[in-house]
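Taking it in order: structure first as C-alpha cells, then the write-up.
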C-alpha cells in the first residue's frame, strides 16, 4: 500500500494530481461494490494465485454475481466453498465449475501449475473427517501445491500412521485433521520436523461438544511446531499451508 | 448386606431378637461416629485390602483420630492422601507413617503382599504429571499389586513410549496419565488390549483450563477399552486398577 | 508387534529377506485400504472376539463394503452401531444382519458363546436411557458375556434399585447408565465391590446441557471403583466391561 | 406496602398532610443510610424473626456500625456471616457476639425460642461440607427452628443415610448439602415427602469446577420436591427452610 | 418404609412369615414392571394427591400402558406432561384426557378439590414464558391448589408487576418464571415474604444460552427466600409449590 | 411516574377522589390486557417516537391483536421484528405493513421525520451480518434518524473501512456489527470519538460458538467508548443509538 | 486524520515537502515511544478532556514516566486506574496525585469544570460494588460531569431504588452497577428513558462465576436502551457516559 | 527413523548383529533417563539449532541436571523458559545463563548466527503483553532469526500499527500477540501476505476469562493465513516462526 501512496504523492508533486484528486485516489476503493459485497480486485496480487468465495449464507445469484466480477478482472482459479449441489448446479450454468460433493466445494476455472517448494501432506484421523480434509486438500491444490492424502490414520491404530512415516517425514507442511480427541496433531507434531497445521473437526458426539474437545487438545499439544485453525476450517489450513509451502518461491 | 438382614430376620424368627431390637440392629451403624466423620469399619471386607483417608481439608488431629479408630479395628494398611509434610510429621508422631513427598501421600502400616493377577503399568506423559502418577502407583501397591512405572513418555516423542512396548503390551491394567492434550490415553488405548484407566491432570496452562482439555480428550478417545476418572484422581485410578487386577482372585 | 519385527529380523538374518524387502514388510499394512476406510484385519486377534463398525456418518454402501472385507477375512460377529432402519434394511440384503431398533444397532453373524468370567449388570436410571443401555448390553453379549438388565432403577425411587441388590452385589462388572443428575453411578459404586463403568446420557433438558450434568456428576463420584466413558457411549462401556469380564480367561 | 400508601392517602384526604408532604412520605426511607450501606429497619416485620449482615467484603468497623443501628432499632438476634476470627474479635468488643469457627459465622444477641412447625434436617454428604452445613443449621436455629444435623451421610455409603431414615422421613423440611457429584439431594428427594432444599458446595477438585458439578446435578434431580440455592449458600437454605417451617404459624 | 419393615418383622416374629418369605417381601416391588417402566403404585401415599407421567420420549402406547396400570390402581388424577397433540389424541381414545395445548400437558381424570392452605401465585415475565407458566399452574391445580396467574409482568415495565402487589404480598407460595435475564425472581423475592420458587426458561436468544443466563441470575438472587428448579421445569415448580402450600395440612 | 402520583394526591387533597378511588387509580393499569400480553399504552411518551412488537414466538393473530390496540391508541409507527414472510402477509391484510425480508422485520405505518441530532452509521463486517445490520438500521430510521450503511467493511480488508473514514469520523453514533472475531468494534472504537454500540452476531462456525467469540471480543475491546448489546440484537442497538442521537433534542 | 493527510498533500503540492518527507510525515508517530509504551499525545483532541493510564501491570516508575510525558504535553487531568496505595505514594512524590482508596484510583492534576449536558447517575446494587461504582463516578467527574451517586439500591429492596425515582428519571445518562444477578440494570432500564450503561461486577460467589452471571443477565436485559461493558469496567462506563453526556456540546 | 532401522537391518543381514541385539538396538533409547526426565539427545538433529527446557514445575536442581546432560551432549544454545530469578541464580552458578526478567527466560550458551530466510516481526498489542512477546522474540533469536519488535500497537490506536506498515509488509513471518479482544491478529492478517502466528495472552480482566476471549477471537479470524497457539505460548510461536523462516534453507 505504501507504494501506491508514494505514487500518488509523486503525482501530486509533479502537479499531475490536485490535492483533492489525490485525497480521492487514496480513498478510491480497490474493490467493486456489488451492494451485498465489496469484491476485492487486488487480493490476488496480495495473497497468492487464487481467489475464494465463502459460499455459506450466500445465494446462487450473489455468488454468480461475484464470479462475474472476479472473472472479468482476470481471475483464473476461484474456489467456492460450502455450497449445496443445487447451488453448484445453478452457478455451473454460467461458470465452468467443478463440484466436489464430499467437501461441498466448487472450483471455477483451471487449476494452476504446482509451483510450491515441497509436498503438503493432508492427514485425517477418520473417515468422517474427510469433508474437512478434502476442503483442505483441494484448497492447497487450487493454490498450486502437490498434495498427499493420508486418510483414516487416527492414533487408535498407530500402525496405520507409522506405515506412512516416509510421507510424514518428507512433507514440507502437514495438515493434521481430527475430531473427537484430536490426538493426531500431537503425534504427527512429535514425528515431523516441518510446520504442522492442526484442524479440529466437529466430528464426534457427547463430550466432543461440537469440536471443542479436539480444539483444546490441539491447542495444548505438547509437540512444538503445531498451530491451530478454527474447527472444520479446511480452507484456512489449506491456504496457510500453501503460503508456507511457497515461502522460498515468492521473494 | 442381604446376609446381615437374613441373619437378623432369622434371629427374630428364632425369638432371639424382638422386633424393636431387630429394627435397631438393621439401623445399627457399621461405622464409628467421630462427630466430624463416620468411620466405616466394614469397608475392608467390602472393598479390598486397605483403607484410605482423603486428607485434604482435614486437620492432623482429625486424621489421627480416624487412624486411631481404624487401626484399633485391625486395619493393617492405611493410605492418607493429599497431606502436607507438616501434617505428615504430626501424624507420624502417633502412627507408623511413611510419607511420599511428590504425591503428598502417607502410608500407615506395612504394604500387603502382591496378590494381583498381573502387573499394573502406570504411564505418565510428563515430569509434571508425577505427583498424580505416584499417587496412583503407590495406591496400587498399597492394595497389593505389582506396578511398573513409565514416566515422561508423552506422545510428542513417540519413540520414548514405543521403546517400552513390551511393558505396555504385557500389562494386565494400564493407568495412562497426562495433562495438556491428554493424547497418551488414546495412543496407549490403541496399542494395548487390556483395560486402560485414563487420568487427566491439571498440568498445563492457558487453554488447558485446569485439566479440562485433557479430560475431554480422554473422554473422546477413539480407542476402545479406555475409561476416565476425575482430573488428578490418582487414587481413584490406582484403586480401580487394583480391583480389576484382582478380578480372577477374589471370587 | 515386537513378535512380527522379530520374525522379520530373523528372516533377514537367515538371508530369506533382503533389507529392502524387510523394510517393506515392516510397513506392509495389516489393513485393507478401501479408500474411504482402512479396515483393520488383525484387530480381532488383538482386541477380542468381535469387530465393530461405527455406522454414524457412513453410507449403507460404505458399511456393506467394510462388511464384505471383514467377513471375507473370517470375522464371525460384527456389530454395526448407530444406523437407521433404512440403512439396516439395505445392509441386510447382502449380510445376515439382526437389527435392534431401540439402540439402532445391527449385529451381523451369530453371537459367540458366553465365555466371560461372571455376569455384567447393565443398570439404567430411566426409560429414556434404554437406547444407550441396549447398545451397552448387546455389545457385551456380542463379545461373549452374560448380561443382566436392570432398567428404570433411578435413585429417586431407591427401593427399585434396592429390590435388585442381589444382582448388583453379585455382578462381575456393572455398567451404570443415567442422564439428568447421573446419581445412579455413585449409589451403585457405593453398594458394589466390582468395577463400575458409568455412562452419562444426553437424556434430560435445560441444565442437563446435553449430558454435561451427568458426565460431571459421574466424574466426581465419591464412590471408589467408578470410571466414566463418553456421553451416550454404550458401545464403549459394553466393550470395556467385556474386556474386564474376560480378565481371568485370556492370559 | 399498600397499607402504608393507604394511610398516607387517608391523611391527605383528611387534610392532615399536604400533597408535598405526602410525596415525601412515600419516599421517606424505611432504612438508615450509613453511607456505605442502607440499613433496612423494617425488614424484621417483613421477613421473620432475625436480621442478617453478609460480612464478606465489609470491614469490622462497617459491620459494627450496622450492628449499632440494628440493635438501636430493637433487633434481638442478628447473624453476621462470613467473617474472620479477627473481625469477630473486634466486633465482639462492642456487641455480644458468639462466633462459630467452622462456618465463620457470628450471632449477636440471644437465640429466639423455637416456634417452627416441625424439625429441619440438615444433611451433609461429607466432613468438608460442614462449614456450609453449619451456616445453614445455625441460620435455621437463629430464625427459631429445631434442627437435626446428619453429617457425613454421602451416598457412597448408603447405609449411613439409611440408618437415619426416621429423621429423614419425619422432617418438615430437609436441607441436603453436598459437593462433588451432589447425588445426596436426589436420594433424599426420593425418600422424603417434604420440601428439600439442595445446597451444592464448592468441595471437590478437578471436574467439580468449584461446585458446578454438584449444582448441575441438583438442578437435574429426577426427584420431585427438590429446589436449589447458590453454591455454598448455607444461609439462604437455612433462611428458606425456616420460612417454609413457619408456614402454618405466621398467617 | 420403616413401618413396612416393622410389619414384616412382626409377622416373622409371629411366625406368620418364614425368613425367606420375609426377605422376599422386603424386596417385593411396590411397583408394576411394564418392561419399559417400573410404575410406582405407592407414590400417591408418599408424595401427594396426584400422579405424573413425564411424556417426553415415550410413545402413546407406552403412556397408555402406564395409564392403564395407574388407573387400575385407583389413581384419580394423572398428569401427562410434554406430549404432542397427536399423542394426546391417541391417549384420549382410551382415557378421559383433557389436553392443554400451550404447555402441551394432559390431565387424565378429575381435578381434586382445592385443599391447600393459601393461594399459589404463578408470575411469568413474558408472553413466551406461558408454556412453562401453564405447566406450573396446571400442575399446582392438579395437586389441589388455588392458583392466581400473573402473566407478562417482567421487570422492564415494573408498573405491571406493582399493579398486582396485593396478589404478590398475599400469596402463600410464589412461582416466578422468566427467561432472558430472569430478574423477576429477585424483584418478587424482595417484595414477598413467602417462599419463592424461581423457574428459568429457555426463552431468549444469543447470550441467553438456552436459559443459562436466567438460571445463573436466579441462583445469584440477592433476595432471600428464593430457590431454583431446572430450566423450563414448570412441573417441578408446581409440585414443590403444592407441597409447601399443604405444609400445615398434612401433618 | 411521580407526576402521576402527585396528580392523584392533589385530587385526593381536593376531595375529587376518595382514598379507595385513589388507591385504584395508582394501580390502574397503563396497559391493555389482551390475556396473552399486557400492551403498554403509555410507552410512547416514555420511550420515544415508535412502538415495537417482538414477533418471535407470537402468532399472526396475537400480533394483529396487539397492533389493533396500539393503533387504536394512536401509535403512528410500529415495528414488528422477527416475523416470517407468511406472518407478515397475514398481518398485512389488516394493517399497512411494509415487510423487509433480510431482517425479517415489518414496519406498520409511516416513518417519522428525521429529527435526530446527527447521523447514525451502521457498519457491518460481512455480508452475512446484513440481517442484524438491517434490523438496526431500519429501527434507527423508524425512530427518526438519518442512517448511513457501511456493509462488508470487516478488518481483514482494512482499506474497505478506511475508505469510509469520513463517514466514521463524522457520525454522531456508530453501530458496529460483526460475527466471528468481532474485531470491527475495537477498530472503529479506536478511530471514532462518538459512542460506539457493538452488536455481536451469531455469524460464523466452529469456535464462534453461536456468537460467543464476537461477544467476548467486543466486551474486552481495548477501545474506550464501546458498549455491547446481546448477540444479534439489531433492534436494541438501533433503539439505543436513536436515544443517544436525540440527546440534545428531547430535554 | 484526513485533515492531516490533506495538509501534508498540500505541502507536497506546494513543493514545501518532498515525496519522501511526506511519506515520513504520514508515518511520523503522533505518540512518544517510551520503549515500554507508546504514549498518545493527540488523544485529548480526539477523545475528550482527560487522559487515562491503566495502572494494572505497570510499575510506579513506568507510570511516572508516562505522566512526565503527558504533563509535558500539557495534559491537565490524568486518571491512573487500578494502582496500589504504595504505587500511588511513589507517583505522588513526583506528581500532584489525589488517591482514592476504594476504587484504587489516582487523579493527577485538577478536575475540569463540569461542562456536560445533564447529570450522570451512578447506581450500585450493593456495598461491595462500591469500588467499581467509584471508578465510574470519579472517571465521569474527571471528564467534566455532574455525578449523583445512588449506592446500595439493589432490587431485593425495591423501595430503596424507588425512593430515588426522581434522580433516576431526571438523569441524562445512568450507569447501573451490580454483581450477583445483575437485575438492577433491567429495572432501571425499565424506569428510565435515557441511555443506561450496565456494568456487571465480579461481586458474588458460587454460581456468580466471577461476574459471568451478572454479565449474561445484563446482556439479556428485556429493557430497551441498555448496553453493557466488561465486568468491573467502571472506567469504561464512566468514559462512555461522559461522551454521551457531552453529545450536544461538542459538535 | 527409517534410516536407523535400515542401518540396523543391514547389520543383521551382514551378520554383524544378532536378532536379539537388533531388537535391543531398535529399542535403545535415544535419550538419557534422569529418572525425573527422559532427556532427548537427538532432538537437535530433528528439530533445529537449539534445545529447550520448560522450567515451570521443575526445581533448579532438576534443570541443572538436564543442562549437564544436554551440554555434555554438545548442545550450544539451550533455552530455559518460565523460571524465577532465584532459580536462574542457582542455575547460573553452574552454567553460563543469561536471564531475561520480563519473560522469565534464561538462555544458556551463545546465540547462533542468524540464518533464517527473512525477518520475523513480533507485534504485541499492549505493554502488559510484553512477557509473552519477549518469550517469542528471544526464542526466535535463539533459533537463529532476525527479529523486529513492534510493541504497544493495539488496534484501539490504529495509527500506531499503520506507522509500522513497512515492517509488517516486509516480514517473512509475523507473530501477533494480544490479550483482551485479540483483534490485532485479524488486522495484521488482513494487511500482511505472510504466515501470521497468533498468540492470545491472559492479559485482561472480567470477560477476558484468562485469555479465552482473545483465543476465540483469533481462532475466528476472518483473515486468511492466521493460525493460533495456546494462550501465553510465546515459546511455541517463536519456535514455529523459526521453523517457517528456515523453510528454504534446511532442505
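Residue numbers (our numbering), protein chains in the order written: chain A, 337 to 587; chain B, 337 to 587; chain C, 337 to 587; chain D, 337 to 587; chain E, 337 to 587; chain F, 337 to 587; chain G, 337 to 587; chain H, 337 to 587. Virtual Cβ for every residue (Gly too), placed ideally from N, Cα, C. Nothing here was measured: the structure is a model prediction, and the numbers come from that model.
What are the start and end residues of each continuous beta strand (DSSP E) run of 3 or more residues lying completely inside the region 424-482 of chain C, in chain order? 433-436, 441-445, 455-460
Where the alpha helix (DSSP H) containing residue 415/A begins and where it ends: From DSSP, residue 415/A is part of no alpha helix (DSSP H) but of the beta strand (DSSP E) over 413-417.
Between which two residues does the alpha helix (DSSP H) holding residue 524/E run? 520-527
Cβ atoms of residue 442/C and residue 436/C: under 9 angstroms apart, would you say? yes
Backbone CA spacing between residue 568/A and residue 537/A [nearest angstrom]: 5 angstroms
Residues near residue 503/C by beta carbon distance below 6 angstroms, same chain, minus five either side: 457, 484
Is the shortest distance between the beta-carbon of residue 561/B and the beta-carbons of chain C less than 9 angstroms? yes
Would you say residue 365/H lies against chain C (beta-carbon separation less than 9 angstroms)? For residue 365/H, the predicted model reports a pLDDT of 47, less than 50, meaning its position is unreliable and no value from the coordinates is stated.
Under 9 angstroms between C-beta atoms, does residue 515/D make it to chain G? no
From residue 415/E to residue 466/E, what does the alpha carbon distance come to, in whole angstroms? 18 angstroms
Going by Cα to Cα distance, which pick from 368/D, 540/D, 352/D is closest to residue 496/G? 368/D
Which residue's Cα is closest to the Cα of residue 557/D: 541/D, 522/D, 571/D, 498/D? 522/D
Endpoints, the alpha helix (DSSP H) within which residue 350/E is located: That residue, residue 350/E, is in no alpha helix (DSSP H); it is neither H nor E in DSSP.
To the nearest whole angstrom, what separates the beta carbons of residue 452/F and residue 581/F, a pair I think is in contact under 8 angstroms? 4 angstroms
Rounded straight-line distance, which links the Cα of residue 461/G to that of residue 364/D: Low local confidence applies: a pLDDT of 48 at residue 364/D is under 50, so the model's placement there is unreliable, and no value is given.
Whole angstroms are fine: how far does the CA of residue 481/H sit from the CA of residue 533/F? 43 angstroms
Residue-level contact to chain G via CB, residue 589/H, 9 angstroms cutoff: Given a span of 337 to 587 for chain H in the structure shown, any question on residue 589/H remains unanswerable.
Count the other C-beta atoms from every protein chain shown that fall within 10 angstroms of the C-beta of residue 387/E, then say buried if there are 16 or more, exposed otherwise. buried
Pull up the distance between the alpha-carbon of residue 530/A and that of residue 438/F, whole angstroms please. 46 angstroms
Supposed close pair residue 526/H, residue 559/H - CB separation, criterion 8 angstroms: 5 angstroms
Contact list for residue 373/E against chain C, beta-carbon separation under 7 angstroms: 463, 488
Distance between residue 373/F and residue 473/D (C-alpha atoms, nearest Å): 43 angstroms
Along the alpha helix (DSSP H) that carries residue 503/G, what are the first and last residues, could you check? 501-506
DSSP state of residue 553/C mapped onto helix, strand, coil: helix
What residues of chain H sit near residue 569/G, judged by a beta carbon separation below 7 angstroms? 542
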